[in-house]
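Accompanying notes for the structure given below.
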Amino acid sequence: QHLFRLNGLSDLRMLALPAAFSIASLLQALMLVTILRLRYGPIDGRRIIGSFSKTLLASVIGLVITKVTLVAMSFILEDRTLIAVFTQMFVASLFGGLAFILSTMLLRSEEAAVFRASLERRLMRITKPISFSDAAEVR
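Listed below in structure tokens is the structure:
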């Protein structure tokens with residue numbers, strides 16, 4: 015009876031849409047795995063579970079850091095003005111995002127390494143020095 019009771023929330027219908035979205039996402043993931051197995055044969059389940067676990071742990075760490083930062087910011091800034099609320103949200107999101115990125119790197123997530131390599135390739139392509147032949151093409 016008290017398992018699904020939430021303080022300050024008298025009507026659980028408010029949670030229906032997020033719960034439905036979560037259940038639909040899980041069903042879609044299960045259907046995808048089933049289709050992949052049927053079409054391509056066995057897949058490396060341990061690797062997928064390991065990657066999922068690392069991402070889940072990094073997400074929880076980012077969530078905790080975001081919440082702690084938001085609570086700390088509420089002591090510093092009052093939430094009576096839009097700019098104060100926006101500042102709290104921005105700073106908490108920044109800290110949470112950085113915590114997630116740092117967590118994925120510390121956990122040696124393969125996806126984080128691929129993303130970082132891709133980002134470095136793109137940045138190197140953008141920031142390469144312009145030679146005289148490139149400058150002639152710009153004119």
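Taken in order, the sequence shown gives residues 15 to 153; the numbers are from the numbering used here.
Cβ atoms here follow ideal geometry from the backbone N, Cα and C, with glycine treated the same way.
From a predicted model like this one, the values you see are computed outputs, not experimental measurements.
Boundaries (first-last residue) of the alpha helix (DSSP H) holding residue i
i, result
"Met103", "Leu96 to Leu120"
"Gly59", "Gly59 to Ile90"
"Arg53", "Ala30 to Tyr54"
Test item: CB-CB of residue i and residue j under 8 Å
i, j, result
"Ser65", "Ser117", "no"
"Phe114", "Ala72", "yes"
"Leu91", "Thr83", "no"
"Leu50", "Ile57", "yes"
Cβ shell of residue i (< 6 Å), same chain only, five flanking positions each side left out
i, result
"Gly110", "Gly76, Ile79 and Thr80"
"Asp93", "Val99"
Neighbour-count burial assignment, residue i, 16 or more Cβ in a 10 Å radius
i, result
"Met138", "exposed"
"Phe42", "Rather than Phe, the amino acid found at residue 42 in this sequence is Gln. Result: exposed."
"Ala126", "buried"
"Ala34", "exposed"
Chain-order list of residues whose beta-carbon lies under 7 Å from that of residue i (same chain, five-residue window excluded)
i, result
"Ser88", "Gln102"
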